[in-house]
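For the sequence shown, counting from 1, position 145 maps to 145 in UniProt numbering; every step adds exactly one. Heads up, the beta-carbon is just placed ideally off N, CA and C, and yes, glycines get one too.
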Amino acid sequence: MKLIRNLPNFLKLFRSIRIFDFYAKDITAARNEGDPVREREAIAYSTHIWASKVAEMFKMEVTVEGRENIPEKDGCVFISNHEGYGDIIALFLALEGKQLGFIAKDQLESMPYFGKWIKNIRGIYIKRGSAKEALKSIQEGAKTVKNGFNLVIFPEGTRSRGPKAGEFKAGSFKLATKAKAPVVPITINGTYHMYEEYGLIKPCKVNVVIHPAVETADLDRHGVSEMEKQVENTIRTSLEEISKGDISNGEVS
């Protein structure tokens, strides 16, 4: 029954991805010409337009705190908790003007439109259950970041489907430390109201907090361990704070 009720919205979402057909040529042309600045701009512009349309379509309201903490220089790694499918939309809106690629499970690569789109915005697919393939993905991601592109990592590896973050997987920060890139912690709360809470797409209010960047260059093994703890604690503490005010089930009135 829920599948039938969701079908119209799923079709709208699927059709919305086709908006990238209008911008794919610009992204590809910039990439082929070796112009990373123009490529980043084209990706950032197209993803923000898409996210804005989807947010309007499904009545998602996003409040952002800490935009002053977004690094001016590209080539950084954003580390965020992962409540639901709506996180991607919220991040594109919160980080307006920034090119964002995502670390995604390889099963998504075969999805029509979505699979190609993730790759085209400089996303990286990672194969779970294969240490060798995972290492290749980390190396590819580190190279992407070193070349001036930004990546988002969800260290839980899956959606928490609620306001409590799951366990941060071991190795979630390897890409950032290998690239010696700044890590920007991000806290998201409320996206699970969009779909995961009831299994139905519903209006929701979302809070995004962008925390100050943490440098990873020149960290020794102990320093890396402390950095990982610091970032995780920052996200969890912030999530506890903002989820206390989440008393309306996130619904937009």
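Asked: Coarse secondary structure for serine 80, derived from DSSP in three states; Found: strand
Asked: Anticipated Cβ contact below 8 Å, tyrosine 195 with isoleucine 201, distance rounded; Found: 5 Å
Asked: Where isoleucine 201 falls: helix, strand or coil (DSSP); Found: coil
Asked: Option nearest serine 225 by Cα separation, candidates Phe154, Gly34, Val209 and Phe168; Found: Phe168
Asked: Nearest-angstrom Cα separation, counted from glutamate 228 out to valine 214; Found: 10 Å
Asked: Coarse secondary structure for lysine 59, derived from DSSP in three states; Found: coil
Asked: Residue environment, alanine 131, which counts as buried when at least 16 other CB atoms sit within 10 Å; Found: exposed
Asked: Pair within 9 Å by beta-carbon distance, isoleucine 210 and valine 64; Found: yes
Asked: Status (buried if at least 16 other CB within 10 Å, exposed otherwise) for aspartate 87; Found: buried
Asked: Endpoints, the beta strand (DSSP E) within which tyrosine 125 is located; Found: 124-126
Asked: Start-to-end residues for the beta strand (DSSP E) that takes in leucine 91; Found: Per DSSP, leucine 91 belongs to no beta strand (DSSP E); it is in the alpha helix (DSSP H), 87-94.
Asked: Of the residues Ser238, Arg122 and Leu239, the one placed nearest arginine 31, counting alpha carbons only; Found: Arg122
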